[in-house]
Amino acid sequence: MSLNSYMSLNISNSTSNPLPFKITKALIKESLEELFSIECEGFFESLEQDLFSLNTLTNASSHPSTPTTFNFHPNVLIDQEAILSIHNPYENNTLNFDNNEVKNYKGIITYIKYLGINHESALNINDSTSNTKQIQYKHFFSFKLQSVLIRLSLNKANRIYTHTNIIEVIKQTLGFYQDILHKEIDYSNIHFNYEEQELISQYNESDLDFITRLSHNNGIFFYEDENTIYFCDVYKNVKNKEIEYNPNINNILNQACISSIYKEQSLRTNSFTHSSINANTPLNLLSLHSSKVPYEQELNNKACYNEHFYESEYSFTKSIDLKTKPSLKEKRALVLNESLLAKSNIYHLSLGDFITLNYKEFNHQE
Numbered sequence: 004m005s006l007n008s009y010m011s012l013n014i015s016n017s018t019s020n021p022l023p024f025k026i027t028k029a030l031i032k033e034s035l036e037e038l039f040s041i042e043c044e045g046f047f048e049s050l051e052q053d054l055f056s057l058n059t060l061t062n063a064s065s066h067p068s069t070p071t072t073f074n075f076h077p078n079v080l081i082d083q084e085a086i087l088s089i090h091n092p093y094e095n096n097t098l099n100f101d102n103n104e105v106k107n108y109k110g111i112i113t114y115i116k117y118l119g120i121n122h123e124s125a126l127n128i129n130d131s132t133s134n135t136k137q138i139q140y141k142h143f144f145s146f147k148l149q150s151v152l153i154r155l156s157l158n159k160a161n162r163i164y165t166h167t168n169i170i171e172v173i174k175q176t177l178g179f180y181q182d183i184l185h186k187e188i189d190y191s192n193i194h195f196n197y198e199e200q201e202l203i204s205q206y207n208e209s210d211l212d213f214i215t216r217l218s219h220n221n222g223i224f225f226y227e228d229e230n231t232i233y234f235c236d237v238y239k240n241v242k243n244k245e246i247e248y249n250p251n252i253n254n255i256l257n258q259a260c261i262s263s264i265y266k267e268q269s270l271r272t273n274s275f276t277h278s279s280i281n282a283n284t285p286l287n288l289l290s291l292h293s294s295k296v297p298y299e300q301e302l303n304n305k306a307c308y309n310e311h312f313y314e315s316e317y318s319f320t321k322s323i324d325l326k327t328k329p330s331l332k333e334k335r336a337l338v339l340n341e342s343l344l345a346k347s348n349i350y351h352l353s354l355g356d357f358i359t360l361n362y363k364e365f366n367h368q369e
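Following the working numbering, the numbering of the sequence shown begins with 4 at its first residue and continues without gaps.
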């Protein structure tokens, strides 16, 4: 295990300075469709063998400013702000990144587990013959770091909004949490006009589910960085990043690159179809799409159309805000069909980045 980890986690603590952890493993999930979630493992180095001793808790209350007063009780650390920082892991290599950006993820701790003390570090404390030069115990923990918006999922609410639009409803809902989000909310990328609706209802939904439904059903997406939560209905290309394509699996010099591009496909339902023809009045489907088959107007007048309903609807109205528009479903299907997956060693990419793939050098070598 490397003593110099390029990932660190700092957890805010009301009884002391932020608790610094060295992270040895992190599984990061980011998407424009859901909140970010990070599962990680790491350790804290301490001269104390028992982090949860009564003496430690007593010291924490009497001397909150000293480094020995860290409080590691899970009840203290849960729901606390934390920042996961990822640094350049290749600082000493020949081919370096153009910059040494630090990628930060800021959220709250939603899960914590104490894994125990490192056995080797405990044995080597008093072993004069050991080659391991350390005098501290390593206490290992596992964490789950999630977006601060996850706090909006912890309730169920019933509300009715009248004579307003969805943007104002989203703003009002987020306004309930303005003291605990600790991030600026940016609506500057909302460019379309949204009609005033007579009634918008929230019935037995969490606030997170509510604003997610309103947003996604109207073509709005939201994501966040370290300090800001963005709501957008159009994509704005702010920064263009050119990335090299290098399929060499060795990449000894650790060039910042995309090493492979691949495509995945799976069988999916035709999710944006919203009506169908009743089998009791059969109609040649080609008659609707082909000029070779005569169109039978009389038969079509007898055709019955069955609308697809949402069985999980909760509403006092049949307002369209409960349903995703067929046009948005179709666009979603097209995006999935055109999407590509890639593998890279680049740690500082962010959601919303526009990427240009540079493969000219590779083609020239061939």
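Don't be surprised by glycine CBs; every beta carbon is placed ideally from N, CA and C.
Which of helix, strand or coil DSSP assigns to residue i
i      : result
Ala336 : helix
Ser353 : coil
Leu331 : helix
Lys159 : coil
Leu270 : coil
Lys363 : helix
Ile252 : coil
Leu22  : strand
Leu80  : helix
Leu50  : coil
Gly38  : A quick correction: the sequence has Leu, not Gly, at residue 38. Coil, per DSSP.
Residues that DSSP places opposite residue i in a beta bridge
i      : result
Ala29  : Cys43
Phe75  : According to DSSP, which records beta bridges pairwise, Phe75 is partnered with nothing at all.
His90  : In the DSSP output, where bridge partners are listed per residue, His90 has none listed.
Thr113 : Paired residues: none, contrary to the question.
Ala345 : Ile264
Glu245 : Thr359
Lys239 : Answer by DSSP bridge pairing: none, since Lys239 is not bridged.
Ala85  : Ile14 and Gly110
Gln258 : None, per the DSSP bridge assignment.
Gln149 : Ser40 and Ile111
Tyr233 : Asp189 and Tyr226
Cys9   : Going by the sequence as given, residue 9 is Tyr instead of Cys. DSSP output for Tyr9 lists no bridge partner at all.
Buried or exposed (CB count within 10 angstroms, at least 16 for buried), residue i
i      : result
Asp53  : exposed
Tyr233 : buried
Glu227 : buried
Thr165 : exposed
Ile223 : buried
Asn251 : exposed
Ser293 : The predicted model places Ser293 with a pLDDT of 41, which falls under 50 and marks its position as unreliable; any figure quoted below should be read in that light. Classification of Ser293: exposed, given that the 10 Å Cβ count is below 16.
Ile183 : exposed
Asn243 : exposed
Asn91  : buried
Val79  : buried
Ile81  : exposed
Ile163 : exposed
Leu148 : buried
Beta-carbon proximity list for residue i, same chain, < 7 Å, skipping 5 on both sides
i      : result
Asn158 : Ser209 and Asp210
Ser49  : Gln139, Tyr140 and His142
Phe146 : Leu12, Cys43, Ile112, Tyr114 and Ile115
Lys295 : With a pLDDT of only 43 at Lys295, under the threshold of 50, the placement of this residue in the model should not be trusted; the figure read from the coordinates follows. Within the same chain, Lys295 has no close Cβ partners at all.
Pro77  : Ile115
Phe3   : What the structure shows of the chain is the stretch from 4 to 369, and residue 3 is not part of that stretch, so it cannot be assessed.
Tyr248 : Cys260, Ile261, Leu360, Asn361, Tyr362 and Phe365
Beta-carbon contacts of residue i that lie in its chain and below 6 Å, excluding the five residues immediately before and after
i      : result
Asn219 : Per the sequence shown, residue 219 should be read as His rather than Asn. The answer is none, since no qualifying residue turns up.
Asn161 : Tyr206
Ile214 : Ile173 and Thr176
Phe39  : Glu33 and Ser150
Ile31  : Ile41
Gly355 : none
Phe24  : Leu12, Gly45 and Phe47
Leu339 : none
Gln83  : Ile14, Ser15 and Ile112
Leu331 : Gly222
Close Cβ partners of residue i (< 8 Å) along its chain, the five nearest in sequence each way excluded
i      : result
Tyr197 : Asn168, Ile169, Ile170 and Asn221
Phe179 : Asp210
Asn230 : Lys109, Lys186 and Glu187
Lys28  : Cys43, Glu44 and Gly45
Asn254 : Cys260, Ser262 and Asn348
Ile246 : Ala259, Cys260, Ile261, Ser347, Ile349, Ile358, Thr359, Leu360 and Asn361
Ser156 : Ser209, Asp210, Leu211 and Asp212
Leu352 : Lys244 and Ile358
Asp189 : Thr231, Ile232, Tyr233 and Phe234
Lys344 : Contrary to the premise, residue 344 reads as Leu rather than Lys in this sequence. Here the set comprises Ile264, Tyr265, Lys266 and Glu267.
Ile26  : Ser8, Met10, Ser11, Leu12, Cys43, Glu44, Gly45 and Leu87
Self-check item: Uninterrupted beta strand (DSSP E) stretches inside the segment 163 to 187 (no shorter than 3 residues)
Solution: none
Quiz item: Which ranges would you report for the alpha helix (DSSP H) in the segment 181 to 225 if only whole runs of at least 4 residues count?
Solution: 181 to 184 and 210 to 219
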